[in-house]
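To keep things clear, I will list the structure first and then write my remarks on it.
In the numbering used here, the protein residues as written are 368 to 604.
Written out as C-alpha cells, the structure reads:
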C-alpha cells in the first residue's frame with residue numbers, strides 16, 4: 368500500500384480543514400515546499416496535493432506552488448481541486464504533475480472523464496468525497512444526488528482505474544478511518560482505492576493495508592504528530 372502524505376493549499380499556505388469546513392481552517396505552514404521536502408526526508412515517494420480554493424472556484428490559484436513542490440522534490444504528485452476542463456488537465460500534466468483528480472467534473476460530465484481517460488489513461492483519477500452516503504461536490508459545499516456505490520460503479524464502467532475516496536465525516540477529526548466502507552468498495556469494484564479521511568494512527572494503516580487497498584492519505588495526523596510518517600510508510604510496505 369502506498370502512503371500519500373497530503374498538502375492542502377489555501378492562499379499559498381499548507382492548511383487543514385475540519386470535516387471539509389472552510390470556516391474551521393488551521394494553517395500549518397506558510398512554506399508548503401519545505402513541508403513536501405520533510406515528507407521526502409521521511410521516506411515518502413508520493414504526495415497528494417489539493418487546491419482548496421480551486422475546489423470551490425474551478426480555477427488554479429495555487430498552480431505555481433504546486434509546480435514548485437513537484438520540481439523541488441521529484442515526488443510522484445497527484446493533484447485535485449478545481450480540475451473541471453481539458454485545459455486544466457493539460458496545464459497540470461504538461462507541467463510535470465503525475466496524476467490529476469477529477470471531482471465535481473466527474474459528477475457533472477461523465478463524457479469529460481471518459482475522454483480524459485482515453486487520452487491520458489492512468490494519469491486520471493477520480494475523487495469520491497462521501498457525505499451521508501452521497502458524493503459531495505464544489506469543495507464539499509454541496510451534495511450531489513449520486514450515492515457512492517452507484518458513482519463508483521459508473522466510474523469503473525467507463526475505465527477509471529484509481530478512485531480517492533474521502534469520508535468527509537472523518538476528515539480532520541482524528542477519529543480513525545472508515546475501514547468498513549473501503550472494504551465494501553474494494554470487494555465490489557476492480558478499482559485502485561485510496562482511503563482518505565480520519566487516517567490517524569498506525570493501527571489505521573495496518574487495518575487499511577489488510578484490506579489490500581492501493582493507498583492511504585495522511586493529512587492532519589502528520590501535522591499534529593499523531594502519526595509517525597516514517598513508521599507509517601514502513602508498515603504500508
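Beta carbons: idealized from backbone N, C-alpha and C, even for Gly.
What does a CB cutoff of less than 7 angstroms around residue i pick up in its chain, not counting 5 residues either side in sequence?
i           : result
residue 444 : 414, 416, 436, 437, 464, 465
residue 393 : 382, 383
residue 513 : 474, 501, 502
residue 377 : 392, 419, 420
residue 552 : 519, 532, 560
residue 395 : 381, 382, 383, 590
Could you compute how far the alpha carbon of residue i sits from the alpha carbon of residue j?
i           : j           : result
residue 457 : residue 525 : 20 angstroms
residue 540 : residue 390 : Confidence at residue 540 is low in this model, with a pLDDT of 48, below 50, so its placement is unreliable and no value can be given for it.
residue 587 : residue 472 : 26 angstroms
residue 488 : residue 433 : 22 angstroms
residue 430 : residue 380 : 12 angstroms
residue 420 : residue 470 : 14 angstroms
residue 544 : residue 534 : 8 angstroms
residue 341 : residue 531 : Absent from the model: residue 341. The displayed extent of the chain is 368 to 604, so no value can be given.
residue 442 : residue 467 : 14 angstroms
residue 411 : residue 600 : 7 angstroms
residue 371 : residue 459 : 18 angstroms
residue 555 : residue 476 : 23 angstroms
Just to confirm my understanding: we take residue i, look at its own chain, exclude 5 residues before and 5 after, and list those with CB closer than 6 angstroms. What are they?
i           : result
residue 369 : 413, 582
residue 491 : 483, 484
residue 400 : 435, 436, 439
residue 529 : 492, 559
residue 550 : 578
residue 453 : none
At a cut-off of 7 angstroms, would you count residue i as near the ligand ADP, judging by its Cβ distance to the nearest heavy atom?
i           : result
residue 534 : This structure lacks the ligand ADP, and indeed carries no ligand of any kind.
Could you say which of the options lies nearest to residue i if we only look at CA atoms?
i           : options            : result
residue 597 : 395, 385, 408, 419 : 408
residue 604 : 589, 592, 585, 572 : 572
residue 548 : 425, 403, 562      : 562
residue 397 : 517, 375, 576      : 375
residue 567 : 585, 406, 427      : 585
Bridge partners for residue i per DSSP, in chain order?
i           : result
residue 532 : 495, 562
residue 557 : DSSP output for residue 557 lists no bridge partner at all.
residue 469 : 493
residue 602 : In the DSSP output, where bridge partners are listed per residue, residue 602 has none listed.
Spatial neighbours of residue i within its chain, please: CB distance less than 8 angstroms, with the 5 preceding and 5 following residues excluded, ordered by chain position.
i           : result
residue 352 : The chain is shown only over 368 to 604; residue 352 falls outside these bounds and no answer can be derived.
Whole runs of the alpha helix (DSSP H) within the stretch 396–439, excluding any shorter than 4 residues: 399–408, 419–424
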